[in-house]
Every structure is written in C-alpha cells, then in structure tokens.
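Residue numbers (the working numbering), protein chains in the order written: chain A, 25 to 176; chain B, 1119 to 1449.
Even glycine gets a Cβ: it sits at the ideal position worked out from N, Cα and C.
All values derive from a computational prediction rather than experimental measurement.
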C-alpha cells in the first residue's frame, strides 16, 4: 500500500512536471539552418535567365541529375516542398521549407539529396506560380543546384 | 484512490502534445518533436538498475532481456544504453548526462553485455564474433568495415524507435567515436543513409507491441516524457521515409498499428510489359489521390498495361495539398 501511494505520488508529480515542461522553453541552443544567408546566388559568372527559359522539369546538382522527361522520375509538389524520386532507384531529393515557397530569398529550407543534407549558402525562388517553380541554390562550397518544376 | 492508478498511467502516455506535430513533415516535424519532448525527471544513475528491473519486469519475476543469451547468466545485474553516451561527449554542456540516464534508451542486461557491445552502433552484422541471441561483429557502412551489434529480430523495431527518439531529441553538430557511422552532423535528417534505410526496415518488420507500449507508459510515469514513435509509429515515415513531404496527422492511417503499407512490387515503377498490371499507388502518394493517365481520369486503381498500350504515358495525381506526375514506359 505504501509502495502504491508512493508510486501514485511519483506519477502525479511527473505529470505535473511534464505539463510545466511543455509550456516552457526546451531550447538546447542549437541554431536553426546555420549558414544560410540572403547572399545573391547569382554572380558575374552565372546567368539564371537561360534556366528560366528552359521549361523542363529537372533537378541538377553536381552529384545528381534527375530529368522528368527521362521517365521513371516521380515529381511531387506541395506548397512548401518538392520531391524528385527516381523510381528505378537512381536518386531521391527532397527540398522543403518551413513555410510555403515565396519568390525571393528563403532561409528556412533544407535539401536532402540521397539521404544526405546539403549545407546551403543561398536559396532563392526565382519564379513561382501555381504551375511553376524555379529554384536557384548555392551550396556552402559554392556548387550550384537548379530545381525546376513546371506544369504541375 | 488506488483504483484510479491504471487510468493515470494510461492517460499519462496519451497526453503527448500531439497538436504541436499536426500538419508538419520532414525537418519541421522532427524539430517539433525536439521542441515539445524532453525528459523532466531523470532517475539518478545509482537508481537505474532497480528502476529498470521494475520497468522491464516480466510476469515470472524475471526481466525482459533485449540482449538474451543461451549461455550467459541472464541476470539483470547491469544496464546498457542503446546508443553510447560517449558519442555526445563534446556536447555535455548542452545535454549533461541526460543521454546516459534517459530511460527510453536504457535497458537492464546481464553483466557481460556492456563489454560485448562496447560503444558500437546498432547495425547489420555480416561477420560475427558473438552470436548468441544477438550479434556483435563487422558490418559494412559506406563501404567500410565497422564494428556493429545487431539486436534480436523481435526487438529490432524497439531499437529503431528508440534511435528515432534519440535522433530527434538530441541532434548535434559533432559526433564522437563510432556515432559518425549512423548519424550526420546536422539537425535534419541526423540519421544517415545507412541508418535511415536499416532502421525504417526494422521499424516496419517489428511493429509496436503491448510490451513496448507498456514500457513507454512506465517511463512516462517516471521520467515525464514519452517516445512519440511508439505512440505514433507513422511519424518516422513522415520524417525520414516516403511520406517526408506529406503532413502528418493523427488520422486513422497514422495511429499505432495502422501504418501505411511498405513499398511492394505492386507500387508504380518506371517500366512495364504489356502483360503487367499497373497499380496506381506509391508510397510517395496519398492513398486517396485521384489519378489521370495521359490527361484522362483513370478508370480505377488497377488496370492492365495493355489497356493503354506500348509507349510512354504520363500519370498525374492530385490529393489534398499535394500533386505529382510521372512518366512510365510500357513495352
């Protein structure tokens, strides 16, 4: 009986403390999306205009190229994410944002390419409409990524 | 008064602030778990063996041994962590010794287990040096031979969900020791490609059972927090799996024991033969999606490839909040 009462007290205390924790801060000091800046990904050596003129749905990075027209590439889009998946096992990229995509620079974004997150220096939505999105991305080591989804 | 105890312990596990997770996926969902879930009351290190003997007691007066041995002493005289606290050494100011004392990742075991397991990561043993209910030996990660341990098949899902929990609550930017074999130095996805694939497989093959649910409740009553991947197993797929683009909700398709089906040979693929059946389903697509083929609404969820003929065909789907497209080839 004494044990059960002690157990009950422990349970009630734990529940009360849990309630406190959930309303309070649990910050560990870990920064969100470190390294992403609003630096313009375009420089004197790169012109995004030809990319905008290309209507192909594609993801092109130094390590991985997935072109929708090649076939077998599932492309999915939500308000805040894009995914390219080679159903033949050739690659998987998920680009996601904490908020719906918007034209211009964005910082709360992640790119996971084949299971590996890519450190991002700059992320800019160059064009956005209900059927198109063009992303211009520069990684932390200055490698360019182009992601375009059209007609979707 | 005692009569309400079972109610209290059960409700404790069900008071997870699940509303904070609704509508999120991928990195945002993982971050939401980190924000709302944290141990409140840690068991003193000296009290861990006794506490765990109670939590993991079985109906015969013994304990539920996740590291069973046919030849060992099988006495719960030691404890072990699924993931070694040494991996977080440089982050002690952030997490203190929470990692070593978090009951969700701590288990009773016989005295020989810590020495056998050392600080190895969970993984798939290919060449074993210990094989007695569970394995220790060499695995292969990213082309390298690495010491790993493999839990018994009946507990692999338990271990996977524990690691999902640890990766969500305690991500860091620098992993010590062998931690680099399963974790990346990032907030998301934290699990690397090897561990993501392996752990999701274990998670699917060994679903949550009553023993694991009871353990989660027992720990909540003592520690003040739950493992959400035990309460809501579908969370893992919405963070690391094929649903990472799809917002998670506590719907009938995501409550425990009702996980989405795994990838099967009936899911959409790039090419078909004329004699094949095309099933308009994919783990990347909500089950209630509406499909069209070459601009025409699909007549049903399955059809003979011969109905659309040879050539390249475009499939499109729409569902709430998501749309997609795919080109397939019929030969």
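Sheet register partners of residue i (DSSP bridge)
i	result
residue 1433 of chain B	B/1411 and B/1444
residue 109 of chain A	A/98 and A/116
residue 1263 of chain B	B/1258
residue 171 of chain A	A/83 and A/159
residue 1350 of chain B	Per DSSP, none; premise fails for residue 1350 of chain B.
residue 121 of chain A	A/133
residue 1421 of chain B	B/1396
residue 1390 of chain B	B/1448
residue 152 of chain A	A/157
residue 1308 of chain B	The partner list for residue 1308 of chain B (beta bridge, DSSP) is empty, contrary to what the question assumes.
residue 1268 of chain B	B/1253
residue 1292 of chain B	Beta-bridge pairing links residue 1292 of chain B to no other residue.
residue 1301 of chain B	B/1309
Assumed close pair residue i, residue j - CB separation to whole angstroms, cut-off 8 Å
i	j	result
residue 1217 of chain B	residue 1288 of chain B	6 Å
residue 1363 of chain B	residue 121 of chain A	Actually they do not touch by this definition, with Cβ atoms about 11 Å apart.
residue 155 of chain A	residue 175 of chain A	6 Å
residue 1187 of chain B	residue 1251 of chain B	5 Å
residue 1390 of chain B	residue 1423 of chain B	4 Å
residue 1269 of chain B	residue 1331 of chain B	With a Cβ gap of about 18 Å, residue 1269 of chain B and residue 1331 of chain B do not count as contacting.
residue 1293 of chain B	residue 1205 of chain B	6 Å
residue 1222 of chain B	residue 1280 of chain B	6 Å
residue 1395 of chain B	residue 1420 of chain B	6 Å
residue 108 of chain A	residue 90 of chain A	4 Å
residue 1317 of chain B	residue 1278 of chain B	4 Å
residue 1264 of chain B	residue 1235 of chain B	Actually they do not touch by this definition, with Cβ atoms about 14 Å apart.
residue 1224 of chain B	residue 1290 of chain B	Not a contact, Cβ separation roughly 19 Å.
Distance CB(residue i)-CB(residue j) smaller than 7 Å
i	j	result
residue 1283 of chain B	residue 1345 of chain B	yes
residue 1231 of chain B	residue 1197 of chain B	no
residue 1174 of chain B	residue 1226 of chain B	yes
residue 1151 of chain B	residue 1313 of chain B	no
residue 117 of chain A	residue 137 of chain A	yes
residue 78 of chain A	residue 97 of chain A	no
residue 172 of chain A	residue 145 of chain A	no
residue 1237 of chain B	residue 1202 of chain B	yes
residue 1441 of chain B	residue 101 of chain A	yes
residue 1449 of chain B	residue 139 of chain A	no
residue 1388 of chain B	residue 115 of chain A	no
residue 1321 of chain B	residue 1352 of chain B	no
residue 1135 of chain B	residue 1341 of chain B	no
residue 127 of chain A	residue 152 of chain A	yes
residue 1328 of chain B	residue 1274 of chain B	no
residue 1243 of chain B	residue 1257 of chain B	yes
residue 1195 of chain B	residue 1229 of chain B	yes
residue 99 of chain A	residue 81 of chain A	yes
residue 1299 of chain B	residue 1337 of chain B	no
residue 1147 of chain B	residue 1219 of chain B	no
residue 1411 of chain B	residue 1433 of chain B	yes
residue 1436 of chain B	residue 1401 of chain B	no
residue 141 of chain A	residue 1334 of chain B	no
residue 125 of chain A	residue 148 of chain A	no
residue 1166 of chain B	residue 1239 of chain B	no
Continuous alpha helix (DSSP H) stretch holding residue i: start and end
i	result
residue 1283 of chain B	1274–1287
residue 1154 of chain B	1144–1154
residue 74 of chain A	73–77
residue 1169 of chain B	1166–1173
N- and C-terminal bounds of the beta strand (DSSP E) containing residue i
i	result
residue 137 of chain A	133–137
residue 1314 of chain B	That residue, residue 1314 of chain B, is in no beta strand (DSSP E); its alpha helix (DSSP H) goes 1311–1323.
residue 143 of chain A	Neither: residue 143 of chain A is in no beta strand (DSSP E) and is coded neither H nor E.
residue 1331 of chain B	Residue 1331 of chain B -> not in any beta strand (DSSP E); alpha helix (DSSP H) instead, spanning 1328–1341.
residue 89 of chain A	89–91
residue 1395 of chain B	1395–1397
residue 130 of chain A	Premise fails: residue 130 of chain A is in no beta strand (DSSP E) and is neither H nor E.
Extract the residue ranges of the beta strand (DSSP E) inside the region 1182–1247 of chain B, only unbroken runs of 3 or more that lie entirely within it. 1196–1199 and 1224–1227
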